[in-house]
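Counted from 1, the sequence shown has number 626 at position 578 by my numbering; the numbering is strictly sequential. Step one of this worksheet: look at the structure below.
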Amino acid sequence: MPTVILTGLPVPGSPLADELRSLGFEVRPAAGPQDAAAALAGVPADQRVAVVDTAFVGHVHALRLALTDPRFDACAVTGALSVQAGAREALDRAVATEGAHGSGPYADRLAAAVEATGTTVQRPELGSLVAAVPADAGERAAATAAVAAVDEEAVRLRSAVKSRDGFFTTFCISPYSRYIARWCARRGLTPNQVTTASLITALIAAGCAATGERWGYVAAGVLLIVSFVLDCTDGQLARYSLQYSTMGAWLDATFDRAKEYSFYAGLALGAARNGDDVWGLALGAMILMTCRHVVDFSFNEANHDATANTSPTAALSDRLDSVGWTVWVRRMIILPIGERWAMIAVLTAFTTPRIVFYALIVGCAFGALYTTAGRVLRSLTRKARRTDRAAQALADLADSGPLAELQARLLRGRSGTFGSVYVAALGTVLMAGAAVFLPFGDPRLIAVAVIYAMTAGLAVAAPLKGALDWLIPPLFRAAEYVTVLALAAKADVPGALPAAFGLIAAVAYHHYDTVYRIRGGTGAPPHWLVRTIGGHEGRVLLTTVLAAALVDRASDFPVALTALAVFVALVVLVESIRFWVSSGAPAVHDEGEPA
């Protein structure tokens with residue numbers, strides 16, 4: 049059980065001790081700094097410990113934000129400080145040096161001393177919430193009145209909603225999903241349970257769509273909206289009750305894609321029951337969506353900590369954001385997850401899977417072009433200097449395997465005369481173009497794949513610090529995914545496109561997993577895993593070799609793709625699960641709506 053050390057003389061009638069116990073803390077009184085140091089010494093170093101001034105006046109949720117958020121090693125508001133094991137040494141040094149010196153609340157002095165050691169102390173935005181340590185009876189009465197004047201529960205419900213959501217989510221889901229989140233919290237449900245319920249609901253929706261019957265399509269559309277409501281609820285529940293966890297980060301990061309891609313597969317199966325083969329469209333929609341996300345991720349990582357990170361394009365965007373209605377229009381036209389799922393649900397219920405995929409491809413293509421064009425303009429007009437961390441993140445996102453690594457080592461030191469992104473673009477165009485236009489199994493495709501591997505190595509031989517180098521990972525994704533799609537389509541045998549769908553889904557999971565590990569600050573997956581599954585260029589070469597080897601037995605090509613998909617999925621999933629349930633996994637929670 050976490051411990052709070054309540055410092056100072058008791059305040060008659062104060063409900064503070066009971067409020068701290070309601071937050072799950074064991075309360076230990078300490079009259080002065082010496083008593084606090086002794087009490088702190090009795091708390092195991094691996095447990096959360098807090099120091100709170102007995103004169104504290106404020107909302108319980110202000111204390112909850114400061115004392116219970118698991119994402120931060122140290123967190124503080126006026127009169128209260130909490131640390132986890134990662135900042136315990138800094139707190140011990142602060143207690144030893146602070147002693148009885150200084151003025152102001154003891155918890156505030158400790159927080160300043162902890163910061164002075166170089167440890168980051170998170171200070172949550174309280175908004176209208178109150179956290180104060182009054183100096184006399186008059187100030188205490190004023191602070192108490194300020195507490196009473198604020199509807200704490202209303203503030204807590206508002207803060208449970210993401211600060212940046214799409215139009216559909218903000219106005220059609222969040223107004224009531226926040227109350228579902230509170231209902232779940234009061235019944236002891238966890239965000240992970242709600243996330244799992246969302247996944248199960250989406251899988252049932254996919255099963256209904258797979259029936260190919262109109263009732264199934266209607267049920268699928270309704271269930272998909274229910275799944276999305278639950279998907280919003282799990283994050284709101286996490287923010288409402290501060291139940292962030294490493295497992296929750298992993299589930300939240302991956303289940304959205306699993307739900308959406310499963311629904312695509314359900315629609316394709318349902319269409320097949322009615323004699324309409326839309327697996328190619330389903331795969332095309334999945335490829336567009338994944339490549340668009342990789343554009344987002346790569347651009348953000350490239351500019352995460354860049355200096356002089358301004359441009360006229362960014363300034364124009366900021367000016368547009370000052371005009372309220374343009375914010376919502378710009379969010380809606382890129383078809384973010386809320387609008388996209390709503391569109392899928394409605395079209396599923398009232399039209400056909402083919403129309404659903406046509407709308408998806410058109411909408412996603414427009415969104416991808418819009419966002420990519422804007423980011424290219426920003427990159428070309430800004431004079432940012434990218435850090436080694438950003439360059440390493442882009443190299444990790446590139447997902448280069450042994451073949452590209454070998455080429456990069458051979459060319460290292462001589463690659464500065466080439467533009468990395470232009471080499472990657474050339475390799476992508478050659479590879480995708482050859483896959484689309486050459487006949488299935490043509491041996492020349494193997495030669496093109498070898499050239500692609502060489503260009504991939506050349507593109508990453510130098511640190512990726514160029515203005516447009518963030519385009520390299522999405523270019524590699526496009527080359528690999530389009531090659532698999534084109535070869536499966538050209539095989540023209542039953543099962544080839546569904547097998548390709550499975551392979552790209554497994555590889556895409558690996559790429560999303562890489563993104564969320566980097567976002568959490570733990571780095572990319574281990575390099576042995578990338579080498580084991582071949583890297584993007586190795587998988588492209590292997591796929592072309594399989595096509596050439598099976599040109600006279602094209603019916604075996606789906607079996608080969610399925611075997612490759614199973615291998616990649618097993619290797620990636622086993623290592624991913626091991627990582628995300630380990631103690632070293634980050635509690636990643638995205639506060640912006642995924643596109």
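From the three backbone atoms N, C-alpha and C, an ideal C-beta is built for every residue, glycine too. Just so it is clear, the structure is predicted and the values come from calculations on it, not from any experiment.
Candidates the options, of which the one nearest residue i by Cα
i: residue 612; options: 345, 116, 573 and 549; result: 549
i: residue 188; options: 596, 240, 522 and 106; result: 106
i: residue 443; options: 506, 405 and 428; result: 506
i: residue 619; options: 591, 576 and 608; result: 576
i: residue 542; options: 328, 435 and 129; result: 328
i: residue 595; options: 569, 585, 578 and 534; result: 534
i: residue 410; options: 388, 601, 374 and 261; result: 388
i: residue 87; options: 144, 62 and 116; result: 144
i: residue 418; options: 474, 404, 468 and 341; result: 341
i: residue 669; options: 538, 486, 395 and 500; result: Nothing can be reported for residue 669, as the shown portion of the chain is limited to 49 through 643.
i: residue 445; options: 573, 164 and 592; result: 573
i: residue 455; options: 586, 570 and 380; result: 586
i: residue 605; options: 498, 489 and 514; result: 489
i: residue 199; options: 392, 397, 178 and 496; result: 178
i: residue 296; options: 319, 242, 458 and 153; result: 242
i: residue 487; options: 554, 602 and 526; result: 602
i: residue 469; options: 458, 382, 518 and 180; result: 518
i: residue 627; options: 600, 571 and 134; result: 571
i: residue 516; options: 244, 407, 266 and 429; result: 429
i: residue 652; options: 317, 526 and 414; result: Residue coverage of the chain in this structure runs from 49 to 643, which leaves residue 652 outside it and unanswerable.
Check whether residue i and residue j have beta carbons under 9 Å apart
i: residue 566; j: residue 441; result: yes
i: residue 56; j: residue 80; result: yes
i: residue 532; j: residue 551; result: yes
i: residue 302; j: residue 561; result: yes
i: residue 93; j: residue 53; result: no
i: residue 313; j: residue 330; result: yes
i: residue 119; j: residue 82; result: no
i: residue 155; j: residue 124; result: yes
i: residue 500; j: residue 306; result: no
i: residue 114; j: residue 172; result: yes
i: residue 493; j: residue 592; result: yes
i: residue 228; j: residue 393; result: no
i: residue 629; j: residue 376; result: no
i: residue 337; j: residue 412; result: yes
i: residue 127; j: residue 162; result: no
Own chain partners of residue i with C-beta closer than 7 Å, once the 5 adjacent residues on each side are dropped
i: residue 59; result: 102 and 103
i: residue 230; result: 205 and 288
i: residue 271; result: 249, 252, 253 and 256
i: residue 238; result: 291
i: residue 502; result: 455
i: residue 95; result: 50 and 51
Cβ shell of residue i (< 6 Å), same chain only, five flanking positions each side left out
i: residue 386; result: 214, 216 and 217
i: residue 448; result: 508 and 583
i: residue 472; result: 507, 520 and 523
i: residue 279; result: 246
i: residue 68; result: 52 and 75
i: residue 174; result: 110
i: residue 624; result: 561
i: residue 539; result: 488, 602 and 605
For residue i, three-class secondary structure by DSSP
i: residue 143; result: helix
i: residue 77; result: strand
i: residue 101; result: strand
i: residue 531; result: helix
i: residue 130; result: strand
i: residue 148; result: Bear in mind that a pLDDT of 49 at residue 148, under 50, signals an unreliable position, so the number given afterwards is only what the model happens to contain. Reduced to three states, the DSSP call for residue 148 is coil.
i: residue 290; result: coil
i: residue 465; result: Reliability fails at residue 465, whose pLDDT of 43 lies under 50, so the model's placement of it is uncertain and the value that follows must be treated cautiously. Note: residue 465 maps to coil in three-state DSSP.
i: residue 95; result: coil
i: residue 477; result: helix
i: residue 192; result: helix
i: residue 302; result: helix
i: residue 381; result: coil
i: residue 581; result: coil
i: residue 51; result: strand
Beta-carbon separation (whole angstroms), residue i vs residue j, contact threshold 8 Å
i: residue 432; j: residue 351; result: 6 Å
i: residue 167; j: residue 122; result: 6 Å
i: residue 497; j: residue 616; result: No, residue 497 and residue 616 are not in contact; Cβ-Cβ is about 18 Å, not under 8 Å.
i: residue 530; j: residue 483; result: 6 Å
i: residue 319; j: residue 260; result: 7 Å
i: residue 333; j: residue 219; result: Wrong, their Cβ atoms sit about 26 Å apart, outside the cutoff.
Nonlocal neighbours in the same chain, by C-beta distance under 8 Å from residue i, ignoring five residues either side
i: residue 204; result: 109 and 288
i: residue 148; result: Its pLDDT being 49, under 50, residue 148 is placed unreliably by the model, and the measurement read from it follows with that caveat. Contacts found: 80, 81 and 82.
i: residue 353; result: 435, 437 and 438
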